[in-house]
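Comments concern the structure below.
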Amino acid sequence: MTENSQSTWFTLPRVLFWVLVICFFVLQLRLWIGEDSLADIWRLKGEIERQEQENYLAAERNKRLRAEVKNLKEGLDAVEERARTQLGMVKEDETFFLIIDDDQQ
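So the sequence shown is residues 1138 to 1242, counted in the numbering used here.
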């Protein structure tokens, strides 16, 4: 009787069912965890969006710098403005007035 009960437990459909269940769980595990999983793809998409944002900001900064360099090369007005604001220079025949606010002392 024990041989008969063992043989009914190892039937082909039952073994095939458990093999398929194990394959299903292995595939699910690979889908959700590990390299090339859905979580990994979502993380990479987030990194791509962040990098695209950084690239856009860098491109805008580069445009502004190119325009400033062009302006400095072509015109004296930009050089004069920079000398006045950053270096505190004045032209000949100009008078420099420094106004001191009493609240700041």
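Glycine residues also receive a C-beta, built at the ideal position from the N, C-alpha and C atoms. Note that this is a predicted model, so its numbers are computed, not measured.
Chain-order list of residues whose beta-carbon lies under 7 Å from that of Leu-1175 (same chain, five-residue window excluded): Here residue 1175 refers to the residue found at position 38 of the sequence shown. The answer, listed in chain order, is Leu-1168 and Trp-1169.
Distance between Glu-1172 and Leu-1147 (C-alpha atoms, nearest Å): What you label residue 1147 is simply residue 10 of the sequence shown in a count that begins at 1. What you label residue 1172 is simply residue 35 of the sequence shown in a count that begins at 1. Strictly speaking, residue 1147 in this sequence is Phe, with Leu absent from that position. Straight-line Cα distance between these residues: approximately 36 Å.
Where Phe-1154 falls: helix, strand or coil (DSSP): Sequence index remark: in the sequence shown, residue 1154 carries index 17 (1-based). Helix at Phe-1154.
Residues near Met-1138 in its chain [Cβ-Cβ closer than 6 Å; skip 5 each side]: Locating residue 1138 in the sequence shown gives position 1, counting from the first residue. Its pLDDT being 47, under 50, Met-1138 is placed unreliably in this model, and the coordinates cannot settle the point.
Residues near Val-1216 by beta carbon distance below 7 Å, same chain, minus five either side: Position 79 of the sequence shown, counting from 1, holds the residue named residue 1216. Leu-1209, listed in sequence order.
Cα-Cα separation, Met-1226 to Thr-1232: Here the question's residue 1226 lines up with position 89 in the sequence shown. Here the question's residue 1232 lines up with position 95 in the sequence shown. C-alpha separation (whole angstroms): 11 Å.
Cβ neighbours of Trp-1155 in the same chain (closer than 7 Å, five flanking residues each side left out): Indexing the sequence shown from 1 puts residue 1155 at position 18. The answer is none, since no qualifying residue turns up.
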